[in-house]
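Engineer: So the protein lines, in turn, are chains P and L. Under this note's numbering, the first residue of the first sequence carries the number 1, and numbering increases by one thereafter. Under this note's numbering, the first residue of the second sequence carries the number 1001, and numbering increases by one thereafter. Heads up, the beta-carbon is just placed ideally off N, CA and C, and yes, glycines get one too. The structure that follows is given in the form of structure tokens.
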Amino acid sequence: MTDLSQRRHGLETLVGAHGDREQLSATVTLEIRAAVRQLNLRGDPGKAGLRTAAEEALGQALPVQPNATTAGPHTICWLGPDEWLVLSATPDAANVATALEQALSKHGAAVNDVSGGQVLLHLAGSGVRDLLAKGCTLDFHPRAFAPGACAQSGLAKANVLIRLDEDGEAFDVVVRRSFADYLLRWLRHAA
Amino acid sequence: MARQTNRLGSGGRIDRSRPLRFRFNGRDYGGYEGDTLASALLANGVRLVNRSFKLHRPRGIIGCGAEEPNAILQLGSGAGTLPNQRATQVSLYDGLEARSTRGWPSLRFDASSVNDLFGRVFSAGFYYKTFMFPQRWWDYYEAFIRRSAGLGVAPDRPDPDRYEHRNAHCDVLVVGAGPAGLMAALAAARSGARVILADQQREPGGSLVGSDLPIGGRPADEWIAAVVDELREFDDVRVLTHSIVFGYHDHNFVTIAQECGGDMRERLWRVRARQVVLAQGAFERPLAFCNNDRPGVMLASAVSAYIKRYAVCPGRRAVVFTNNDSAYQCALDLAHAGATVGALVDSRGSVSSELTDRVEAVGIPVLHGHIVTDVRGRLSVGGVRVARWNGDTDARADNSIDIRCDLLAVSGGWNPAVHLHSQAGGAIAWDERRHCFVPAESRQANRSAGSGNGRWSLADCLRDGRDAGVAAARSCGFDAAEPELPVVEERDETPLQPLWRVPAARDPDSCPKQFLDFQNDTCVADVRLAVREGYRNVEHVKRYTALGFGTDQGKLGNITGMAVLAETLGAPVASVGTTTFRPPFTPVSFGVCAGEGVGELYDPVRKTAIHEWHVSAGAAFENVGQWHRPWYFPRAGEDLNSAVARECLATRRSIGILDASTLGKIDVQGRDAVAFLERIYPHKVGRMAVGRCAYGLMLGEDGMVMDDGVMTRLGDRRYYLTTTTGGAARVLAWLESWLQTEWPDLEVYLTSLTDQLSTISVAGPNSRRLLEKLGCSIDLSREQFPFMSMRQADLAGLPVQLFRVSFSGELAFEINVDSAHALALWQTLMDAGREFEITPYGTETMHVLRAEKGFVIVGQDTDGSVTPIDLGLERMLAKDKDFLGKRSLARPDCVREGRKQLVGLLSADGRTVLREGAQLIEEPGAAHPVPMIGHVTSSYMSDCLGHPIALALVAGGRSRHGETIHASLGAGSIATVTIVPPVFYDPQNERQHD
């Protein structure tokens, strides 16, 4: 039998020597957060009941402002007018997808667990903004990218979701699994 | 090592405590930290630095910046060698090696300088006139021209240096850190705006670097330092030195190349600025007199810069020739540096006495109303001929005065550097009063300031810069106050006298050469000849004479050339205009354009969740889109063919296992999922029962096959689609575009699961037994789990989706599993499959197996011009519904007889493997042109069948089964082939249905 708790983010050989936490440079640390559950949610927020049902199932509201996130039990990122990413590190995270799917089924929404398809990189330290600026055209100045903001963009040559945490200190970078190896190599090179 | 004979005992912005050694053309020299290669060469008395491009005339350093046309040198050797480097912009470093790019056998004696003796032959349009006829000789001409041409050699090995890219955003970007730029940056920074100040020099200050002019009651250097110190105090201000702004693109996107030093050679700044202040200054222009290209003829401002910045006095006996006030300062600088100034020759009849007195006070004779008409000396200046002049350009010069000198400093006035303003789309206008082109209306959010805006005096530059900085900050919404202007000395100005072509002792078409473009050896006479031959438009004259075509892009002589053209045409300069200014402002290296994107970072390599296993199993990989996929798994001693033969046979006999995770996977759900997919797919989607799979063709609006895959109905309103590996992103975008732009009324949501799900294909007669052995929660029998259906199941304790689909023609299961567990499941399957000799296979075996079954690969057997009918799949086209591409399939061309159709081909000799792409013909030996009736799309050796097989598209092929045609094997060799149905293996489909 396969041990279901042994999830792999696919970067084990790259981060092997360092564990899941790595000092990329004197001013940037990288952490791979494989335990965070990632749910993709699509649905019409204008529909009566959908937002309420989602809020009940998740315990927090869906952000409807572009490029905003909401914090609560989970972190919910706005990806588009009808698309969100729920990042969940709660103990019962594995059940959130089922609960959400059930709650939203009658509202025509689509829920997909994408935890296995995306890798969450947590970048912290004083040099993160400079590092991201080497590969991303977004403006990460505090005036332009506020704490809690998120945006989908390119980092080097990979598509990513970038989120600044509520303290305005550290960034989460979500990248598709198949690009993660490339992106980690780039981060190491650029840092 | 030579002594630095021209180095002054004190002064300059060099660090005398840090001596540096360098080599030029094989000789050792010394310089100091802070030198450029040009200043160090001049310090060592090196006059002759290169030969000119066409005439091989001896050339020396003229300028001190981006305008330099002659000192274009090759740096270093081997992998790190750099061609086309302007010595005036190369910072000297210890161990630097440089050499001239022309001059054979030596720079002093260049055999090709005979070109100069036949200069009349090498006139305007030389290339067009000489190398055109006879046309069949062009190949020889081209080889000759290429050997003669070029400004250096490219390295033949990978660049060992590092480069990087950096994105940046600001409110106000200030280009140029001279007096105007500093004031603009200061004004914007104090308002709270985010400011980037970029300057190409080693230190900020522009023309003021090394100057002793008082500003605000203190020496200029101190004022600069105070401003820069204040700027650096702001968190949101970035001061970039050694940084050339080379491109002004749309939407205020500006590119800057920064020289870094250390192991990072260059950095590309990609700046998005809300407002741009262009304060990049002006270029001094030369005057076109005879032999004005002799080494030792320099721009007056460059002479001053070498003296002040680098403590280098380029000559001992100088003459200054000018038509404006600015060169008077050069005369003073020369005198101060200890040089003898034989005369200051000013074309103007009268000049303000204040200015004249100051020069005469240090013992320099001033000749008003005189011109320098010719230069003596060949390898360097030996003296000048001076004539009295009354302002008549048609006059013949009398050359009454002869002055011995080794340096001639020239000023023909100033050209604002309008390059970036013009790149940004801004208009430029001829200023009748200042006799130069100045920036007119901007098209983007930019404004010009300082001498780049036609302001000559220091006071005007400071004010103009401050005003531009304030205006830029205010445009960004900042409440900018006006900083107080520092007090500077104001002087009377005598206007410049327009003078371009200087009259000579003979007529301008037969006098010694008066150079306009030093890089391309374009002279006054060439422009005049072009006009005589009928050229009028400045762009045509440029191309005919090569004026401004060099790597300096005419920064030195172009405007003078335009003025000579205007004079020859008898038209005002304004009506002649200028040629177009395009990026880059100065040449940029390929390295800085590539940045980090070289080697393994050149393009992302996408890897499946099982990739590590493939690597450790010794797989050979191939690129499929951005993916690295196992191509085949060679065992010891195997090549591609033997490995693929083994993999194919193992799959047909027992079990093969394939990592198919790169397939595109799309989840489709929503109220209108059925309605949506009915419009996309040609087959009846709604009729599919839940849990059933179907082969799905996707057609473009033109009716041609665009992509294919398997689609599965997961629920009433939910489907799961697969796409080709290469088509995944394109298909998702295509589906989204229909939903978002054409059918927004449909409630359907698409989610890519390509990375979420890994797909493992287990194929072969023993595959069912393997899954049963692992422990599967469902009945896998043919009856309970038939071909083309899907089940949710637990396999080896993992939740999976099982699909009974087959791309090999064998009994097969495709297993979708959460990618986080894919490697574990693969390993489990490999372990359990050992008793069945489970064999991993790659894309090559996959291709052979599917070709044996006649399954097409979109993009290999189709090319965007193939309909489903051409493939023999008309049964898939529903008659009683509409779908994308349906209407196009009724076009006359789609229903005509004789379209190319998919067939199989068998070689008559049973041995010959055809070439993919081979053209098919009816009969060998037919008269040319031989009609082509089709081509081979796939071809393999089938070890399972014991003979080669091929798929092909053949005109009317389906009605020609059994006929014999011929295939080209290349090099005149022809194979005889028989047309057969495209299914070679198990045509009754018994094995996959098992």
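1. L:THR1608 versus chain P: which residues are under 8 Å apart at the beta carbon?
2. Are the beta-carbon atoms of L:ASP1552 and L:PRO1069 separated by less than 7 Å?
3. Return the chain-ordered ranges of every beta strand (DSSP E) run that is complete within the segment 1638-1672 of chain L and spans a minimum of 3 residues.
4. Measuring only the C-alpha atoms, how far is L:ASP1293 from L:ARG1543?
5. Quick check: L:LEU1197 and L:VAL1227, are their CB atoms within less than 7 Å of each other?
6. Would you be able to state if there are at least three C-beta pairs under 8 Å between the segment 1305-1325 of chain L and the segment 1334-1349 of chain L?
7. Determine the burial state of L:ARG1108: buried for a count of at least 16 other Cβ atoms within 10 Å of its Cβ, exposed for fewer.
8. Can you give me the start and stop residues for the alpha helix (DSSP H) that L:VAL1848 sits inside?
9. Using a threshold of 7 Å, state whether the C-beta atoms of L:ALA1300 and L:CYS1330 are closer than that.
10. Taking Cβ-Cβ distances shorter than 9 Å, what residues in chain L pair up with P:CYS136?
11. Could you tell me whether the Cβ atoms of P:ALA97 and P:ASP113 are closer together than 7 Å?
12. Taking the alpha helix (DSSP H) that L:THR1545 belongs to, which residues open and close that run?
13. Take P:VAL175 as the anchor and find which of L:ASN1989, L:THR1754 and L:ALA1763 has the nearest alpha-carbon.
14. Near L:PRO1982, which residues of its chain fall below 8 Å by C-beta distance, leaving aside the five closest residues on each side in sequence?
15. Give, in chain order, every unbroken run of the beta strand (DSSP E) that is at least 3 residues long and sits entirely within the segment 1797-1839 of chain L.
16. Along the segment 74-93 of chain P, where does the CB come closer than 9 Å to a CB of chain L? Name the residues.
17. Checking 7 Å against the spacing of the C-beta atoms, do L:GLN1444 and L:PHE1581 come in under that value?
18. Using a Cβ-Cβ distance cut-off of 7 Å, determine whether L:THR1724 contacts chain C.
19. Note down the Cα distance separating L:GLY1031 from L:ASN1006, rounded to an integer number of angstroms.
20. If you draw a straight line from the alpha carbon of L:VAL1914 to that of L:TYR1940, how long is it in whole angstroms?
21. L:VAL1438 to L:LEU1485, Cα distance in whole Å?
22. Which residues does DSSP list as the beta-bridge partners of L:ASP1431?
23. Would you mind giving the Cβ-Cβ distance between L:LEU1945 and L:LEU1699, rounded to the nearest angstrom? I have them listed as a contact below 8 Å.
24. Have a look at the DSSP bridge pairing and note the partners of L:SER1968.
25. Got a sec? Which residues, its chain only, sit under 7 Å from L:ILE1778 by beta carbon, not counting five neighbours each side?
26. Is P:LEU100 closer than 7 Å to P:VAL207 when the C-beta atoms are compared?
27. Quick one, which residues of the segment 1659-1680 of chain L are near chain P if we go by CB-CB under 7 Å, in chain order?
28. Are the C-beta atoms of P:ARG42 and some chain L residue less than 7 Å apart?
29. Between which residues of its own chain and L:GLY1413 is the CB-CB distance below 7 Å, once the five residues before and five after are set aside?
30. The alpha helix (DSSP H) with P:LEU79 in it runs from where to where?
31. Less than 8 Å between the CB atoms is what I'm expecting for L:ALA1071 and L:ALA1038, so what's the real figure, rounded?
32. Are P:LEU24 and P:LEU187 close, meaning C-beta to C-beta below 7 Å?
33. Can you tell me which of P:VAL64, P:VAL28, P:LYS106 and P:VAL15 puts its alpha carbon nearest to the alpha carbon of P:PRO127?
34. Give me the subset of the segment 1817-1829 of chain L whose CB atoms are less than 7 Å from a CB atom of chain P, sorted by chain position.
35. For the beta strand (DSSP E) that L:TYR1719 lies in, which residues bound it at each end?
36. L:VAL1277: which of L:ASP1333, L:PRO1295 and L:ALA1188 sits nearest, CA to CA?
Structural biologist: Taking the definition as stated:
1. SER178
2. Yes, the Cβ-Cβ distance between L:ASP1552 and L:PRO1069 is below 7 Å.
3. Counting only runs of at least 3 residues, the segment 1638-1672 of chain L fully encloses the following beta strand (DSSP E) elements, listed from N- to C-terminal order: 1656-1659 and 1664-1669.
4. 22 Å
5. no
6. yes
7. exposed
8. 1843-1852
9. Yes.
10. ASN1167
11. yes
12. 1538-1545
13. By alpha-carbon distance to P:VAL175, the top candidate from L:ASN1989, L:THR1754 and L:ALA1763 is L:THR1754.
14. GLY1854, GLY1872, LEU1902, VAL1903, GLY1904 and LEU1951
15. 1798-1803 and 1812-1818
16. ASP82 and GLU83
17. no
18. Judged by its chain identifiers, the structure shown contains no chain C, and its protein chains are P and L.
19. 11 Å
20. Residue identity check: residue 1914 of chain L is Leu in the sequence provided, not Val. In a straight line, the C-alpha of L:LEU1914 is about 8 Å away from that of L:TYR1940.
21. 24 Å
22. Answer by DSSP bridge pairing, in chain order: L:CYS1436.
23. With a Cβ gap of about 32 Å, L:LEU1945 and L:LEU1699 do not count as contacting.
24. L:ILE1974
25. PHE1785, ARG1791 and ALA1793
26. Any property of residue 207 of chain P remains undetermined from this structure, which presents chain P solely from 1 to 191.
27. ASP1667, GLN1669, GLY1670 and ARG1671
28. Yes, contact with chain L.
29. Residues ARG1285, ASN1323, ASN1324, HIS1435, CYS1436 and LEU1496 of the same chain have their beta carbon placed closer than 7 Å to that of L:GLY1413, with the five preceding and five following residues left out of the count.
30. From DSSP, P:LEU79 is part of no alpha helix (DSSP H) but of the beta strand (DSSP E) over 75-80.
31. That belief holds up - the Cβ atoms of L:ALA1071 and L:ALA1038 are roughly 6 Å apart, short of 8 Å.
32. Yes.
33. Here residue 127 of chain P is Gly; the residue named in the question, Pro, does not match the sequence. Relative to the Cα of P:GLY127, the nearest Cα in the group P:VAL64, P:VAL28, P:LYS106 and P:VAL15 belongs to P:VAL28.
34. ASP1818, SER1819, ALA1820, HIS1821, LEU1823, ALA1824, LEU1825 and THR1828
35. 1718-1723
36. L:ALA1188
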